[in-house]
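Numbering (the numbering used here), first residue to last: 15 to 169. Here a beta-carbon is modelled for each residue, glycine too, at the ideal position from N, C-alpha and C. Data first, discussion second: the structure below is written as structure tokens.
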Ligand SMILES: [Zn+2]
């Protein structure tokens, strides 16, 4: 890893998410009606849908696609889910960095890991993120898609 960029853009960065499976599809744990199609999610703001000037995400609004920089933060927030499924997403468009993660206008699943005893999650990943790579070792996957924060802490 000798060719890391010296300046890291948050946009286009890799981050981590977890999901639940509903009707055989990956679904957000916290947001009702979030839409992941072909592994992609484009955020829309439900709080201010009539405001054409409202940017998604915004610092003063909860809209956006959320993800975490580290698996420790993800497990800390959503242990029951993240111990069974972790997905690497590429954050796209406008992004705002928070204390332990990032929210973005859009995100795309690029890789995923599921626990061996979670066939319904494996099926949901295959259905909701076709063509993405399944990993059988979570930490190997995360190592291949380092977040900006992981890169920074590694020097
Ligand atoms: Zn909003």
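Exercise for the section: Mind checking which residues open and close the alpha helix (DSSP H) that includes residue 156? Expected result: 152 to 158
Practice task
Report the residue ranges of all beta strand (DSSP E) runs contained in full by the region 82 to 140; include only those spanning at least 3 residues, in chain order.
Solution key: 99 to 111, 115 to 128
Practice task
Provide the residue span of the beta strand (DSSP E) that contains residue 56, from first to last.
Solution key: 54 to 56
Practice task
Examine ligand 1 and report whether any of its heavy atoms sits within less than 7 Å of the Cβ of residue 72.
Solution key: yes
Exercise for the section: Could you spell out the range, first to last residue, of the beta strand (DSSP E) harbouring residue 41? Expected result: 39 to 41
Exercise for the section: Measure how close the beta-carbons of residue 104 and residue 153 come, nearest whole angstrom, since I'm counting them as under 8 Å. Expected result: Between residue 153 and residue 104 the Cβ distance is about 19 Å, and since that is not below 8 Å, they are no contact.
Problem - Three-state secondary structure assigned by DSSP to residue 51 - result: strand
Practice task
Taking the CB atoms as reference points, tell me whether residue 55 and residue 79 lie closer together than 8 Å.
Solution key: yes
Handout entry: Segment contact, 8 Å Cβ cut-off, at least three pairs: the region 85 to 98 with the region 126 to 142
Key = yes
Exercise for the section: Determine the direct distance from the alpha carbon of residue 147 to that of residue 83, and round the result to whole angstroms. Expected result: 20 Å
Problem - Reduced DSSP category for residue 34 - H, G, I as helix; E, B as strand; rest coil - result: strand
Practice task
Could you check the C-alpha separation between residue 59 and residue 75 for me, to the nearest Å?
Solution key: 9 Å
Handout entry: Beta-bridge pairing of residue 7 - partner residues as DSSP gives them
Key = The requested residue 7 is not part of the displayed model; the chain covers only 15 to 169.
Handout entry: Beta-carbon proximity check, residue 143 vs residue 53, cutoff 8 Å
Key = yes
Problem - Same chain only: Cβ atoms within 8 Å of residue 43, ignoring 5 sequence neighbours per side - result: 32, 33, 34, 92, 95
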